[in-house]
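Colleague: Can you keep this structure in mind? I'll have questions shortly.
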Amino acid sequence: MDKASIPSRRDLWLPILRAVVALGGSGIPREIADTIIDGEGFPEELATITYGEHNPVSVLHDRLGFARIDCRLMGVLESPRRGLWLITDLGRELVGLSEPEAGKPQPAKQGSEQGPASEIQR
43 MDKASIPSRR DLWLPILRAV VALGGSGIPR EIADTIIDGE GFPEELATIT
93 YGEHNPVSVL HDRLGFARID CRLMGVLESP RRGLWLITDL GRELVGLSEP
143 EAGKPQPAKQ GSEQGPASEI QR
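If you read the sequence shown in our numbering, its first letter stands for residue 43, the second for the next number, and so on.
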């Protein structure tokens, strides 16, 4: 396995939301990562791939961290304090959609503002 076999940040958005829902609506990064690895069928070896001997950081955990931030910026997760992630109503709504539906562009509702939350629908 190599870095190319690790899902992209964008590919981790829905698994993160599903994991937080499975954890009861909130979770810490390690719980979320473990739930994703177990629930999405990712091989555990994926978490052991690093950037190299001079940077022993797990690429998967790094991407999960950035993907959580993406989700917060889109309004589907919130982080009221460091290390705690909560799903928002919009996040719950997206988890209820099938993956193809969640990835489709959605027409803007009349009178609504286009903001970061619309990004996850692209």
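Cβ atoms here follow ideal geometry from the backbone N, Cα and C, with glycine treated the same way.
Using alpha carbons as the reference points, say which of Gly67, Pro98, Gly81 and Asp80 lies closest to Glu135.
Modeller: Along the sequence shown, read from residue 1 onward, the residue named residue 135 stands at position 93. Nearest of Gly67, Pro98, Gly81 and Asp80 to Glu135, Cα basis: Gly67.
Colleague: For Thr130, count neighbouring C-beta atoms within 10 Å of its own C-beta (all shown protein chains included) and say buried if the count is 16 or more, exposed if not.
Modeller: By one-based count along the sequence shown, residue 130 stands at place 88. When all chains shown are included, Thr130 counts as buried.
Colleague: Answer yes if the stretch 103 to 121 comes into contact with the stretch 52 to 71, meaning at least three C-beta pairs across the two stretches below 8 Å, and no otherwise.
Modeller: As far as the Cβ criterion goes, the stretch 52 to 71 touches the stretch 103 to 121, which means the pair count is three or higher.
Colleague: Pick from Leu102, Gly138 and Val99: whose alpha carbon is nearest that of Val118?
Modeller: Residue numbering aside, residue 118 sits at position 76 when the sequence shown is read from its first letter. Among Leu102, Gly138 and Val99, the Cα nearest to that of Val118 is on Gly138.
Colleague: Does the beta-carbon of Thr90 have 16 or more other beta-carbons within 10 angstroms, so that it is buried, or is it exposed?
Modeller: Within the sequence shown, the letter at position 48 stands for residue 90. Its Cβ having fewer than 16 others within 10 Å, Thr90 is exposed.
Colleague: Pull the bridge partners of Arg123 from the DSSP assignment, please.
Modeller: For the purposes of this step, residue 123 is taken as residue 81 along the sequence shown, with counting starting at 1. Paired residue(s): Leu126.
Colleague: Check for me: the beta strand (DSSP E) holding Pro35 runs from which residue to which?
Modeller: Any property of residue 35 remains undetermined from this structure, which presents the chain solely from 43 to 164.
Colleague: Based on DSSP bridge pairs, tell me the residues matched to Gly69.
Modeller: As a working note, residue 69 is residue 27 in the sequence shown. Answer by DSSP bridge pairing, in chain order: Trp127.
Colleague: Could you please give me the residues that DSSP links to Gly31 through a beta bridge?
Modeller: There is simply no residue 31 to check, as the chain begins at 43 and stops at 164 in what is shown.
Colleague: Using a threshold of 8 Å, state whether the C-beta atoms of Thr92 and Pro98 are closer than that.
Modeller: In the sequence shown, residue 92 corresponds to position 50, counting from 1. In the sequence shown, residue 98 corresponds to position 56, counting from 1. Yes, Cβ-Cβ distance for Thr92 and Pro98 is below 8 Å.
Colleague: Looking at the structure shown, is Phe84 part of a helix, part of a strand, or coil, going by DSSP?
Modeller: Within the sequence shown, residue 84 is the residue found at index 42, counting from 1. The answer is coil: DSSP assigns Phe84 none of H, G, I, E or B.
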